[in-house]
Amino acid sequence: MPQLNLFDLPDEKITSTTNLPANKASKNLCTNIFSNQYPIHRWYNFIAGFSPEFVKFCIKAAHLNSDDVVIDPFSGLGTTLVEANLQNVSAIGFEAHPFFYDISQAKIFPPLDTEKIKFLENLLLSIKPYTGSFEEIWSEDALKFLTKLVAEDNLALLASCLEVENQLCEEYKSLFRLIVSKVLEKTALAQTDGIYKAPTTFKKSISFYDSVSIVCKQIYEDVEKLKYDFTPKAKLNFGSSENMELVENESCSLCITSPPYLNNFDFAEMTRMELYFWRYAGSWREITEKVRRRLIVNTTTAPTDLKRNQELFSSELSTSFKLKYLDSIIAELFNERKIRPGKKDYYLLIYPYFAQMQNVIRELHRILRSGSNLHLIVSDAALYGVYIPAHEILSQLMIDNGFQIINIENMRKRGERWLLKKRTGSSKLGEYHIHAKRI
Ligand SMILES: C[S@@+](CC[C@H](N)C(=O)[O-])C[C@H]1O[C@@H](n2cnc3c(N)ncnc32)[C@H](O)[C@@H]1O
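In the numbering used here, the protein residues as written are 1 to 439.
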């Protein structure tokens, strides 16, 4: 795989925050295709993550002072916070998904002592299969799902991990959870690119013990490399960034983030295996209540009462904004629904999505200092073929709430097949980098 040469660029080449370097590397900056090459980032990342290169680029371009703080209101698996740690910069994150939050803790506060990793590796390699009944551990729905994905011998070993975790002291728990989650992924038989496709698409499974060795080796190597010059300064909060009251007014100097995209990943669905395995939830309904309900409404799987509460979300948006940007889209989606298969209620996503994003933008305005840069990666959408320029609408929300747009760059084309051919603007579907400044 080719190495990016962006890091080798002299600083003066990246002082312009208006445009990313127009070299081939910039095309890949938003996606995390190279994350597997970077220490700590590679311990756990996902398809919805952005790249460490992008975060590093934004931090370097901002020329931060020692007391400056970076904020990521949609921290995901912690790319911004991990990279900030590696760059010796303070950072604050918010993440509302409990599994992502737990895994991120292990990456943000990595062990600085290889003994801890050896201890956990030996512990896991000495684990014996669980001898009781799986029904004692998992709910019926969870068990049905897990047995489709993981062979029984591996599942028996993984089940024992749940008991072992209870006996561990706090400081080991998040790393243990990260390692076992990675092992779960490696032992799983199902292909996933955001949704589990078992049993139709199988992948090669690696045995429990081999997976433990592979995962621990990688963590060991990174800690060995980093232990002498690494002091984590980042802090991650569990909760929705619609309310960041823990963060003082004008206390941050840079925002680097990527929110959920409209009608893209259902972050609860994409983690169904982990949510069931670790018992965050025991049924689809509980996943909705305990996980989806916390997140920005971006897919039709969001809780029905939230989607139905159109009046509340509508009242939070200004009349002129709705009239100019949202109402015609909602009408079109409503009409398409009548004639389309599946009868998806996409039209119910529009007010909640933009109203909730407005809350986050307002909070960002409150906590960022005047003149601070905001870098946001988001994509537009086409629901039932109706084009929604989400990046432009979000930019407008930023302008309405005290930001100036410096630049919007199309970083990557994506999913053109979703567009109605007859629509104008259809060639635009892509992933965008919005660069704004807090006025
Ligand atoms: C596109 S992902 C961010 C990925 C991240 N940049 C990374 O590299 O790992 C969006 C994240 O926002 C989280 N999220 C959704 N709604 C949220 C909310 N209201 N508050 C905080 N986080 C939220 C999701 O759980 C998901 O992890």
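A virtual CB, placed ideally from N, CA and C, is assigned to each residue, including glycine.
Query                                                                                                                                               : Result
May I have the straight-line CA-CA distance separating S328 from V386, to the nearest angstrom?                                                     : 10 Å
So, at 7 Å on beta carbons, what are the nonlocal neighbours of I224 in its own chain, with the 5 sequence-adjacent residues on each side left out? : Here residue 224 turns out to be Glu, not Ile, going by the sequence shown. Correct list, in chain order: T114.
Check C216 in the structure and name its three-state DSSP category.                                                                                 : helix
For Y351, report the span of its alpha helix (DSSP H) as first-last.                                                                                : I350 to I367
Could you tell me if the beta carbon of H375 falls within a distance shorter than 8 Å of some heavy atom in ligand 1?                               : no
Can the beta-carbon of V70 be found less than 9 Å from the beta-carbon of L254?                                                                     : yes
In the structure shown, what three-state DSSP assignment does L184 receive?                                                                         : helix
Does the distance from the CB of Y351 to the CB of I330 come in under 9 Å?                                                                          : yes
Quick one: give me the first and last residue of the beta strand (DSSP E) that I438 is part of.                                                     : Checking the displayed sequence, the identity of residue 438 turns out to be Arg instead of Ile. Where R438 is concerned, the enclosing beta strand (DSSP E) stretches over G430 to R438.
Which of the three DSSP states, helix, strand or coil, is assigned to T257?                                                                         : strand
Is A96 closer than 9 Å to F265 when the C-beta atoms are compared?                                                                                  : no
DSSP three-state label for L388, please.                                                                                                            : Note that residue 388 corresponds to Ile in the displayed sequence, not to Leu. The answer is strand: DSSP assigns I388 an E or B state.
Three-state secondary structure (DSSP) at E245?                                                                                                     : coil
Quick one: give me the first and last residue of the alpha helix (DSSP H) that K233 is part of.                                                     : Premise fails: K233 is in no alpha helix (DSSP H) and is neither H nor E.
By a C-beta neighbour count over all protein chains shown, 10 Å radius and 16 as the cutoff for buried, is I219 buried or exposed?                  : buried
Terminal residues of the continuous beta strand (DSSP E) containing L383?                                                                           : A381 to L383
Using the Cα positions of L348 and F100, report the straight-line distance between them to the nearest angstrom.                                    : 26 Å
Name the DSSP bridge partner or partners of A91?                                                                                                    : V70
Could you check if G430 belongs to the surroundings of ligand 1, using beta carbon to heavy atom distance under 8 Å?                                : no
Is it buried or exposed for L440, if we count other Cβ within 10 angstroms and need 16 for buried?                                                  : Nothing can be reported for residue 440: it is not among the residues displayed for the chain, which extend from 1 to 439.
Under 9 Å, do A91 and S174 count as touching if we go by C-beta distance?                                                                           : no
Per DSSP, N407 is paired with what?                                                                                                                 : H435
Sort I434, Y130, A188 and L158 by Cα distance to F403 and report the nearest one.                                                                   : I434
Would the C-beta of H97 count as close to ligand 1, meaning under 8 Å from any of its heavy atoms?                                                  : yes
My output table needs one value for S504: the three-state DSSP class, helix, strand or coil.                                                        : The requested residue 504 is not part of the displayed model; the chain covers only 1 to 439.
Beta-carbon within less than 6 Å of P389's beta-carbon, same chain only, minus the 5 sequence neighbours each way: which residues are those?        : D380
I need the straight-line Cα distance from A25 to F34, nearest angstrom please.                                                                      : Its pLDDT being 44, under 50, A25 is placed unreliably by the model, and the measurement read from it follows with that caveat. Each residue's Cα considered, the two are about 11 Å apart.
What distance in whole Å lies between the Cβ atoms of Y346 and Y384, which are believed to be in contact at a cut-off of 8 Å?                       : 6 Å
Less than 8 Å separating the Cβ of N401 from some heavy atom of ligand 1?                                                                           : no
Going by the C-beta, is S174 closer than 8 Å to any heavy atom of ligand 1?                                                                         : no
For E165, which of S181, E152, Q310 and V150 has the nearest alpha-carbon?                                                                          : S181
Cβ of V247 versus every heavy atom of ligand 1: is any distance shorter than 8 Å?                                                                   : no
When the Cα atoms are used, what is the spatial distance from D229 to L275?                                                                         : 35 Å
Can D68 and F94 be called in contact, C-beta distance under 9 Å?                                                                                    : no
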